[in-house]
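Protein chains in written order, with the working numbering: chain E, 1 to 471; chain D, 1001 to 1471; chain B, 2001 to 2471; chain C, 3001 to 3471.
Ideal placement from N, C-alpha and C gives every residue a C-beta, glycine not left out.
All values reported here derive from a predicted model rather than from experimental measurement.
Below is one structure, written out as structure tokens; comments come after it.
Number of protein chains: 4
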Amino acid sequence: MTTPNLLAERYASDEMKSIWSPENLVRTERDFWLAVLKAQKAAGLSVSESSISAYENQIDQIDLESIRHRELVTKHDVKARIEEFNALAGQQLIHLGLTSRDVTENVEQILIRESCQLVAKKSVALLARWAEFGMRYSKFPVVARTHNVPAQVTTLGKRFATWGEELLYAYLRMQDVMASYPLRGVTGAVGTGNDLEAVLGSKSNKYQTFQGEIRDHLHTDKFMSSTGQIYPRSLDFFVVSTLSLVAAAPSSFATTIRLLAGDGLVSEGFGQGQVGSSAMPHKMNARSCERINGLNVVLKGFLSMFTSLTGSQWYEGDVSCSVVRRIALPNSFYAIDGLLDTTIRVSDDLSIYEEAFSAELASELPLLASGQIMAAAVKAGVGREDAHWIIGEQARNLLAARREGEPFSLAHALAKEARLGLSESAISEIIETTGDTLGQSVDQVAEVVEAVAALIALNPSWAKYRPGKSV
Amino acid sequence: MTTPNLLAERYASDEMKSIWSPENLVRTERDFWLAVLKAQKAAGLSVSESSISAYENQIDQIDLESIRHRELVTKHDVKARIEEFNALAGQQLIHLGLTSRDVTENVEQILIRESCQLVAKKSVALLARWAEFGMRYSKFPVVARTHNVPAQVTTLGKRFATWGEELLYAYLRMQDVMASYPLRGVTGAVGTGNDLEAVLGSKSNKYQTFQGEIRDHLHTDKFMSSTGQIYPRSLDFFVVSTLSLVAAAPSSFATTIRLLAGDGLVSEGFGQGQVGSSAMPHKMNARSCERINGLNVVLKGFLSMFTSLTGSQWYEGDVSCSVVRRIALPNSFYAIDGLLDTTIRVSDDLSIYEEAFSAELASELPLLASGQIMAAAVKAGVGREDAHWIIGEQARNLLAARREGEPFSLAHALAKEARLGLSESAISEIIETTGDTLGQSVDQVAEVVEAVAALIALNPSWAKYRPGKSV
Amino acid sequence: MTTPNLLAERYASDEMKSIWSPENLVRTERDFWLAVLKAQKAAGLSVSESSISAYENQIDQIDLESIRHRELVTKHDVKARIEEFNALAGQQLIHLGLTSRDVTENVEQILIRESCQLVAKKSVALLARWAEFGMRYSKFPVVARTHNVPAQVTTLGKRFATWGEELLYAYLRMQDVMASYPLRGVTGAVGTGNDLEAVLGSKSNKYQTFQGEIRDHLHTDKFMSSTGQIYPRSLDFFVVSTLSLVAAAPSSFATTIRLLAGDGLVSEGFGQGQVGSSAMPHKMNARSCERINGLNVVLKGFLSMFTSLTGSQWYEGDVSCSVVRRIALPNSFYAIDGLLDTTIRVSDDLSIYEEAFSAELASELPLLASGQIMAAAVKAGVGREDAHWIIGEQARNLLAARREGEPFSLAHALAKEARLGLSESAISEIIETTGDTLGQSVDQVAEVVEAVAALIALNPSWAKYRPGKSV
Amino acid sequence: MTTPNLLAERYASDEMKSIWSPENLVRTERDFWLAVLKAQKAAGLSVSESSISAYENQIDQIDLESIRHRELVTKHDVKARIEEFNALAGQQLIHLGLTSRDVTENVEQILIRESCQLVAKKSVALLARWAEFGMRYSKFPVVARTHNVPAQVTTLGKRFATWGEELLYAYLRMQDVMASYPLRGVTGAVGTGNDLEAVLGSKSNKYQTFQGEIRDHLHTDKFMSSTGQIYPRSLDFFVVSTLSLVAAAPSSFATTIRLLAGDGLVSEGFGQGQVGSSAMPHKMNARSCERINGLNVVLKGFLSMFTSLTGSQWYEGDVSCSVVRRIALPNSFYAIDGLLDTTIRVSDDLSIYEEAFSAELASELPLLASGQIMAAAVKAGVGREDAHWIIGEQARNLLAARREGEPFSLAHALAKEARLGLSESAISEIIETTGDTLGQSVDQVAEVVEAVAALIALNPSWAKYRPGKSV
């Protein structure tokens, strides 16, 4: 019985799972072998059309169990798959002049590129959601918290813009990485290209003809100029680092939603038939947001595997990285995929309780005004640090009174501080208008929304992506 | 189509896979629910025998697909499994007075204990192999290397004893950890035990009666005294740290085997039909040792996920750890399991080329003697640091000559250094007998072998464990 | 100008800094060299008392700059320190029969043991604080939260007991680790003991006599039986893993204090003259708790360096670990030291606002009672899962009403649900008494407090430790 | 007494240490405060020139001890430095409308940018060395190894080109990151810009005037559009990820040099007066290469601290990141700085023993030819996989004979395999000419060298950088 990959099964999308499925790997590899064979033919190797057809007819005959049995003998996965494909086709023509890594490296890089494209799509889909929240709540004032303590006024829209800009930055870095992403190419056992020359002959431009065909098959002209048997593993590290960069904003979003849910200000959504707790019927937990944070940890764990691989290559390549990459490459993509899908779902189902937000703001206004009051005192001629101290002391008195359930007026208390030189009515007015002190936040949100809109314009369909149902 | 867990499928044993299989998880959980129900009955709750039988009859009716469909609605995995089991039994009696974590925490801890037991067994099996090598090569002198450069003489047996002692230390630490391993127990939604009291009534000793029955079912009397909803995640971290400790010696072993294989001194074994490279027919790679090193990296990656969870609990428990533990717990055990099985296989198949070792020793003897020569000079009255300097300079001349393929006699060169006060024949004699300078190594090996033997005596069958065939 | 170690300077105690100071390292090393020299004399080597005195007189003449200049030439730190000590004493007698690692490994292990002892002391000091809180608030009911959402009733004392038990577990594991902690001992360049035999002569029991003296100097009889040049780096990994285990409970404590401070329920203390924010005079941030969480991250980062070292040893020892351990060993101890001191300070200064806690409890009681109401319904004959569903639905209605600021009586609403079979007064009574549903928590706290008390009884002075003032 | 930062003291350059020195931090911060003050004046705030001068005159009066004493009271580092600067100047004008993070974030980002520039310079310096080796050994054939086992022929120049290309890729990614690097800017306590508006007045374009001046001071127009109190910590993570990318090629280089040194093929250099081992006078260890690998581990450990910070931000910013960044930012740069300087030193001092390389190649040629022989057999009509099997079997016979010290001719043995259809002379010719099978490696090296040359042309002085002397 197959042991299921729970990360993929529970959290990843069908699209991502199909990219990394064993069947797709075999199929992509066979495509690649045939592309090589045809490129060799184009470069002058004598290969009959019927031999090529013999392989082509078998491309979809994928019997993983048979391959596994071959590997139990050869102890070599690629050799097992060569033998299987040859046996199906009744030929021994593929893999001529190749080493295993000619195949596996390029095939994995093809899958990495496709996966990154999927991550890009979902990033845009999420950015579109957040931009919409940004606009909708662009002028809706809420309590901003630093150190988890009420600080000043911000807008709810600005929170989304801030997460959005962090994700946007990550998205653009992923575009940078993919734009520079070099494939290893087909250069043989130690990367010199000699194996191919042995097959094609080193004369004239046969090698170049072959490489041109391969370039077409791989849809890129970015290749490493010089590798050993393998491409440098720091390349994998950097790709997965970038996935981790993409995960950051969704994860900070989820953290804050969990905090807000604890204060009853938002809910991540609660479906028909959903249960929050098996023991406590009343529970409505931010369980999807917890999942987002958890998947962020999972992704970081896989990243740490890639981190271990950088800078430890022996000579032209050892293969202690083999098992690591076999596990960590697909799982890294499953993790980011599940993380993005879950964040999109939460964004789609998010309930925002505006009255609750406004009630919190009203009760915190005197404290949130403390900086404004200080600024007024400074304008009135008080030293900045002196004003800071006087206001701080009375604000602490307010907090103490609140904890005891006693009344306390900050305006009244500060008006009695002669050194401040501010009347009670002046202070009260500052406090009352503090809810309007949005600073530049409306413009800030607009800037981010505009940048997202420009991105969506490039790929309008991406913004409309909706993930399927999930456990 | 199920996405396979490649780590489990390719590297883990059937024993380990069956512990963590979804089916076994469901079965263990149902056993646990019934143990709770019976304990509740023992503590006075009115439950009919026929109701219990109704559940017992369904324990093995495990339909994962049906459970999954329920979870798509409830968004709660335990609730889905409760409903499934209830529907099968036509009852709603299980899970009374429980919270989900009452079930999942204890069930996972049961699986962790079983897995650790399996790891212990395989550790002993590996220790047995290494002890045997230790004895066999206890007096076989080889070149010891530090900084990868020939240093002095050691014995091949001592290398195995050294790896063995590191593994032995880890094994004992795992025994410590397991001996102190506390289960969370059944204490309800926030750990106060109140949910159970609500079911059983708080009078008399019903709660204690119930707990006594559960203790019997779980075969331990080590329980946390006070937890929130979950047991502290630092416990998981420490268990997996200990797995990483167990992995260290096998991985250092593999590293050195890979180095030795590169110099043609050992081979990790090469089966009938095995292939080293798809491109280079002559290759005999230490691919299993590379796999051991790779699995060590994989395990460390999963450890880093547990590291992330420690010290970040919110209140009585958040569940951002849920997805992390669901992934990282079984996979950590798959990784250590595959690592140990692979190391046992390599140890069983290891070829040691004694002539090649001896040839290397013979050629390095003059250098290996440098410390002995220094000691002789000191005895003859030369300052230690002066002797060090003189000998060092001539040794570097020897290395330079060797690289040019020119003859050079260290004894001759040093005899000409009047300050050393040693004759050429005295130096030659030191060099010639350096191969016998085994120091205390024979006794050292014996100490380790004896400790391993004592361990095997406790579990003789464990030493005989042989892993199955592998890709 | 010296670049300061900010981790040590800002956060570590003088005690910990002095253990790892460069001066103490030189002094401990010189003590060790002299212990070796005396042991060699005891084992028959001819060494004059005056030579020993010549060294002893210079032990405290520590000129780091002079040593550094020697190292710039030798490119070998131990050799530089040998030369310095020899030059001071006018002798060349130390380090006979030793390799550098004979010195550095044992010296580092001495410092590790001392540091662990200090960590143990501070752990007990912290446990003492938490046990006191546990007792004081043993019966003080507060809202327990899971998933950050109100769940049931717990006591504030139980929270401290829960953190306490996690720390207690870690403390005991550290005791396990230290009890089993083996020193590398003095066994020469590749661990065979041959270098010493060359000095002492291999006849009779000179080697054993020497080792007996060293054992006395090192105050232990736990030594590795067989090592190469170095002790296995997995040993360092395990020690620092255990430090990370110790850090877990303080860090979870700090996380929850930060959450509570955000709701105005506690304050970590605010000194005379302290400032919360340079911009917002009213701020009282849980900045020390944030520091605890930050130091936990720092410690994990150093742990990851040790993780990298396990299982990657080449032959009898490479020295790629040298720079890593030089950095990570002291810094790991600085981090845990600062973390524990900070947690003790926060515990000493913690303000708990009881009225605020009780006000929160009163407002959440109806929800916290949901499990109790379900249990009552089950007792009245309703199916558990049916009752779960009915109560859950009305609880969600209550939450919705609360967010709109509208009145809603859960008792009233549930009484109208005929299927539940519970009257409004019965439900109201359940709700009213829910604040008393402390379950076994008082006993649970007592168990932990008792265990801590037993520990304190062993080291009464440790409990009284108070860290010095800090930035 | 100050605890020294050993990472900085032993391994980092004066340039890097001075960037992150406490004095430079204070000075850069004061510059920044004055830039803000002048920008506020430009935007209409009434500030006298004499007040500005009063501050300017004190910029270099840096008394760290005095600042530390202030922080012991305020428990707030920025507040302590404000008070110090104000006290020196006899003014309270700085920091108006600012929050601490307005200052610290931008100042740290200034230092990060400078440090990255230094890393870029050293990367180019190293690339220049490697390109030179690449050219010098472009046609020098050596044994290529995969899985640490002889595989085929490559050139020594190609090895340098391969490391060079990996470093070049990293260098370009760092240029990408720096080109996109956005500063947080001056936007107040929660990022809305409201604090500044309170000071400047919100009318007309005073805010924009101010920001324009700040932009000029910071020499960039890349700023985040919307942040909370802090810039997203994923930005730090990505910068340090990129440092880790830069470290990869030097570390793989060091790993291979260590392997080569063990076989006597290279030496990393050995200075006048240098000592390899305190016990074994003959030792010449690749200790600097071990240091490079160690510093790579250290850097990864600091990276893991940044990894922990991504995605865990609470609301507008918690400060659990404070201690982490204070430690990990400078130390990450010290680590990469020491790593690059050490690699440049090794490259400058590297001894390559050409005769030894050539002797190894001669002895391995028959095996290295195995793929060529297979290609010849395939051309002669044999099935690829059949040829693979026959050649593999005889190659294993050759290895077995070699280990026993017995003669064995691969050409002779294969000629007897009728199925292969190759004569002994044909096979011998293939073997003899295998040393010339350099494939495309000369062109590959040329491509990399050219790319490096183009880079150097942009910054010719960078290529000439030489690190100072080191321990």
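- For the 9 Å CB-CB criterion, C/VAL3026 and C/ILE3052 do not form a contact.
- Taking each of E/SER277, E/PRO330 and E/LEU365 in turn and checking the Cα distance to D/GLY1097, the smallest one comes out for E/SER277.
- At a Cβ-Cβ threshold of 9 Å, C/PHE3302 and E/SER244 do not count as neighbours.
- A distance below 9 Å separates the beta carbons of E/VAL452 and E/LEU127.
- Three or more Cβ pairs drawn from the segment 439-450 of chain E and the segment 148-162 of chain E lie within less than 8 Å of each other, which places the two stretches in contact.
- The beta carbon of B/SER2202 does not come within 9 Å of any beta carbon belonging to chain E, so the residue lies off that interface.
- Closer than 9 Å to the CB of E/TRP389 there is at least one CB belonging to chain B.
- E/GLN152 is bridged by DSSP to E/ALA144.
- For C/ALA3359, the uninterrupted alpha helix (DSSP H) segment begins and ends at 3354-3368.
- Straight-line measurement puts the Cα of B/SER2288 at about 21 Å from the Cα of E/HIS388.
- Closer than 8 Å at the C-beta level to chain B, one finds these residues of the segment 302-314 of chain E: SER304 and SER308.
- Using a CB distance cut-off of 9 Å, E/ASN148 counts as an interface residue toward chain C.
- Between the alpha carbons of D/ASP1263 and C/MET3284 lies a gap of roughly 20 Å.
- Here C/LEU3245 carries a helix assignment [DSSP, helix/strand/coil].
- Along the segment 2088-2103 of chain B, going in chain order, the ones with a CB nearer than 9 Å to a CB of chain D are GLN2091, GLN2092, LEU2093, ILE2094, HIS2095, LEU2096, GLY2097, THR2099 and ARG2101.
- For C/VAL3036, the three-state secondary structure derived from DSSP is helix.
- Its Cα nearest to that of C/GLN3061, the residue C/ASP3031 stands out among C/VAL3190, C/ALA3035, C/ASP3031 and C/PHE3223.
- As summarised for the segment 2054-2122 of chain B, the continuous alpha helix (DSSP H) elements at least 4 residues long and confined to that stretch are 2064-2074 and 2077-2089, given in chain order.
- For E/PHE223, the secondary structure class from DSSP, reduced to helix, strand or coil, is strand.
- If you draw a straight line from the Cα of B/GLN2229 to the Cα of D/ALA1144, it comes to about 10 Å.
- In this structure, B/GLU2083 and B/ARG2101 do not form a Cβ contact; the two beta carbons are roughly 18 Å apart against a cut-off of 8 Å.
- Excluding its 5 nearest sequence neighbours in each direction, E/PRO366 has C-beta neighbours in its own chain below 6 Å: LEU410 and ILE431, listed in chain order.
- At a C-beta separation below 8 Å, C/LYS3017 has these neighbours in chain B: THR2003.
- Close partners of E/LEU72 in chain D (Cβ separation under 8 Å): LYS1469, SER1470 and VAL1471.
- Rounded to the nearest angstrom, the Cβ distance from E/PRO150 to E/LEU368 is 6 Å, consistent with a contact under 8 Å.
- Taking a contact to require three or more Cβ pairs closer than 8 Å, the segment 3247-3255 of chain C and the segment 3162-3174 of chain C qualify as touching.
- At a cut-off of 9 Å, the C-beta of C/GLU3364 has no neighbouring C-beta in chain E.
- When the Cα atoms are used, D/HIS1217 and B/ILE2257 turn out to be separated by approximately 37 Å.
- Not a single CB atom of chain C sits nearer than 9 Å to the CB of E/ASN205.
- Between the C-alpha atoms of C/PHE3210 and C/ALA3035 there is a straight-line separation of about 10 Å.
- Taking every protein chain shown into account, the CB of D/ALA1454 has fewer than 16 other CB atoms within 10 angstroms, so this residue is exposed.
- For D/THR1242, the closest C-alpha among the options D/GLN1440, D/LEU1006, D/THR1307 and D/ARG1173 is that of D/ARG1173.
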